[in-house]
Structure formats: structure tokens, C-alpha cells
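Numbering that gives the first Met the number 0 numbers the first residue of the sequence shown as 0 and each following residue consecutively.
Glycine included, C-beta positions come from ideal geometry on N, C-alpha and C.
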Amino acid sequence: MHQNPHTNIHQPVMLAEVIRYLNPQKGENYLDVTAGYGGHAKVILELTQNYKGSVLVDRDINAIKALEVLFKKTGIELKHQDFLGASKSLLEDNRRFDLIVADLGVSSPHLNEVSRGFSFNKSGPLDMRMDQSQVTSALDIVNKSSEKDLAKILREYGEEPHYRKIANLIVKSRPLNTTAELAEVVKRAWPGYSRTHPATRTFQAIRIAVNDELGQLSQALPIWLELLNEGGRIGVISFHSLEDRIVKRFFASESGNRYDASLTLLTKHPVAPGPHETANNPRASSAKLRSAAKQKQKGNANAYSGKKQLPGI
Ligand SMILES: C[S@@+](CC[C@H](N)C(=O)[O-])C[C@H]1O[C@@H](n2cnc3c(N)ncnc32)[C@H](O)[C@@H]1O
Numbered sequence: 000m001h002q003n004p005h006t007n008i009h010q011p012v013m014l015a016e017v018i019r020y021l022n023p024q025k026g027e028n029y030l031d032v033t034a035g036y037g038g039h040a041k042v043i044l045e046l047t048q049n050y051k052g053s054v055l056v057d058r059d060i061n062a063i064k065a066l067e068v069l070f071k072k073t074g075i076e077l078k079h080q081d082f083l084g085a086s087k088s089l090l091e092d093n094r095r096f097d098l099i100v101a102d103l104g105v106s107s108p109h110l111n112e113v114s115r116g117f118s119f120n121k122s123g124p125l126d127m128r129m130d131q132s133q134v135t136s137a138l139d140i141v142n143k144s145s146e147k148d149l150a151k152i153l154r155e156y157g158e159e160p161h162y163r164k165i166a167n168l169i170v171k172s173r174p175l176n177t178t179a180e181l182a183e184v185v186k187r188a189w190p191g192y193s194r195t196h197p198a199t200r201t202f203q204a205i206r207i208a209v210n211d212e213l214g215q216l217s218q219a220l221p222i223w224l225e226l227l228n229e230g231g232r233i234g235v236i237s238f239h240s241l242e243d244r245i246v247k248r249f250f251a252s253e254s255g256n257r258y259d260a261s262l263t264l265l266t267k268h269p270v271a272p273g274p275h276e277t278a279n280n281p282r283a284s285s286a287k288l289r290s291a292a293k294q295k296q297k298g299n300a301n302a303y304s305g306k307k308q309l310p311g312i
């Protein structure tokens, strides 16, 4: 969600902070589960110099095509897949990494290319799929969901206070085909003044639903922990409180002074971008970085099974 407003080029968010906390070392294996246009990957790989042992994942084919050009002839592995599926298959293949980066959400080209249908500023088709080979798009969610399901999406994924009213008006106004039509309906349902565009929360909610963003994140986090080598570091950049809450809770549940803690927190509190970065890249302003390191295994706690094992009793 982060760009120089004057260009369509994606600027990596909190790059200096990611490098500071993950501290990439020569020879380390790197997994980037949201590689995008390679902003973080390029700098991390220049430090590790380990292309052949590293993997870059993105569910958007345009990002993969850009990565193919950027990392031509390096021997790095690119995966066009969602990160949950990609992480599962890496685990099945018994792969392990020293560094994992997840820079969540959408890229600047997603927001800027009207045809992708992420933005309410210009009218595009109701799409919002990060992976355009996916069947379900915003068009389906907006036009086929029941009013009850729409209200639930708006409340849970958008934290939209007027979820009932908006869901009701969407259903009455169907069929809706464009982002401008949807934004207009939300505006009509919105009572009174809004500091941001009234459709902001609705668009966030529908985008999260289309891409199952929270489901992907909460299911992938334990797999990322499993994919980390002992002493390996993970950094997750989130852009709204729903994502950050999931990361915070997972890191908290896997750290602390307990016998079975598997993570040491490198960021006790989420780290925010500095004023210079937010001035140059306003979309970075909601970013939060959390980072942790995998502890040396104690006793029998060597496999994530969804449940902690009791120590040798
Ligand atoms: C914020 S951008 C990452 C930018 C990248 N770090 C860079 O510096 O160029 C997020 C990228 O992650 C991808 N993405 C988001 N969720 C994903 C998921 N669940 N699985 C795979 N890729 C995902 C998006 O397609 C997008 O390209």
C-alpha cells in the first residue's frame, strides 16, 4: 500500500528497519512470502549473496514477471502462489530458512492500475483479486452475498460502524459493476461527515474477503515459525490493526519466559516508519513492523503440531 505518489513504482516500506532487525548475514537462506517488485528482496539478497537457497513468493503474476527480470540468471526460486499454499509445500519439501519477510497487503501497481479494481478514486471493474486466476472477485462478493454476509464482512474486515445500512443499500442497488458505483452507494448510505472517504472501510473489507487475507495470515504464521532455522529471524509488516493483532497475538503466544517458548521478540512493541519515510511515501504511514527470532529448541519441542507438548512427563 505504499508508493511514491508521483510514480507507479513500488517503494519498499521500512527497508532500513527490516535490515536492522533481521540483520541478514552472508550465506543465509531467505524466504520472501510477499516479494512484490523485489524492493526488500534485492537489498537482503545483496547482503546474503545466497540466491540459490532463497525463495520469492507472490500470488500476483505481474509481480512474478517483474521478479523474473530483476533476478534473471541468479538461480533464485520464484513461486507464483498464495503464501499459505507456498509455505505448506516448502514445509513438505523440508526446506528451512534463516530469514522470512512478509510485507502484507497490496502493492502500488495494484492501487494505481484502474483495471485491477482496488481503488475508489477512479472507476474500474469490481475485481480486487491479487491473483487474477482466482475465481472469486469483488463482483461476486458484492452482487451475490446475502445482506447478512455482506454486513458481517463490513463489520469484521472493515470495522465499519454503519455496516448494516451499507449492506442494505448495496443489496437494494444491485447489480453493481464498477468501483465508482460501489463507492457512490456507500456514500449515500453514510450519514453525515467522514474524515476519510466513506468507502475506505468498505473497500478494505471487500478486498480482505476477496483475497482471504486474514485467513492466509493466521494459518501461515505457525508454518513460517516451522520453516525458520534456529536463530532465524522473521519480520512482518502490516498495514491495519486487524493484521497487526493477528501477528501480535501469534508472536506473544510463542514467546515469553515459558519452557516451551519458541520465539524471542526482537521488537517488544511494533516499530513504525520514521517521519522522513511517511513524508515521502504517505501510504507507509500505517505500517507496523514486528520481528522475532527462533529460539534454540529445548527438549522435545521440535515440531509445530498445533498443540504444545508437555516436557518429558
Ligand atoms: C506490499 S507488497 C510487497 C512489496 C515488496 N516487499 C517490495 O518491496 O517490492 C505485497 C505483495 O504481496 C503479495 N501478496 C499479498 N498477499 C499475499 C498472499 N497471501 N500470498 C502471496 N502473495 C501475497 C501482493 O500480490 C503484493 O505483490
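Beyond the five residues adjoining it in sequence on each side, leucine 46 comes within less than 6 Å, by CB distance, of Pro23 in the same chain, given in chain order. Within the segment 26-57, complete alpha helix (DSSP H) segments of at least 4 residues are found at 38-47, given in chain order.
In the same chain as asparagine 142, and ignoring 5 residues on each side of it, the C-beta atoms closer than 7 Å to its own belong to Arg173, Pro174, Leu175, in chain order.
Below 8 Å, too few C-beta pairs join the segment 109-121 and the segment 160-173 to call them touching: fewer than three.
Taking 4 residues as the minimum length, the alpha helix (DSSP H) runs contained wholly in the segment 183-269 are 199-210, 212-226, 240-252, in order along the chain.
Counting C-beta pairs with one atom in each stretch, the segment 207-215 and the segment 237-248 have three or more that are closer than 8 Å, which means they touch. Annotation: the continuous beta strand (DSSP E) that includes lysine 287 extends over 287-293.
Excluding its 5 nearest sequence neighbours in each direction, glutamate 16 has C-beta neighbours in its own chain below 7 Å: Val270, Leu288, listed in chain order. In the DSSP assignment, glutamate 16 falls within the unbroken alpha helix (DSSP H) covering 14-21. Within 10 angstroms of the beta-carbon of serine 88 lie fewer than 16 other beta-carbons, which makes it exposed. Close CB contacts of alanine 65 within its chain, under the 6 Å cut and outside five residues either way in sequence, are with Tyr36 (chain order). Residue pairing for valine 100: DSSP places it in a beta bridge opposite Asp31, Gly234.
One alpha carbon belongs to lysine 247, the other to leucine 265, and they sit about 12 Å apart. Shown here, threonine 73 sits in coil according to DSSP, grouped into three states, outside any helix or strand. A distance criterion of 7 Å places the beta-carbon of phenylalanine 82 in contact range of ligand 1, judged by its closest non-hydrogen atom.
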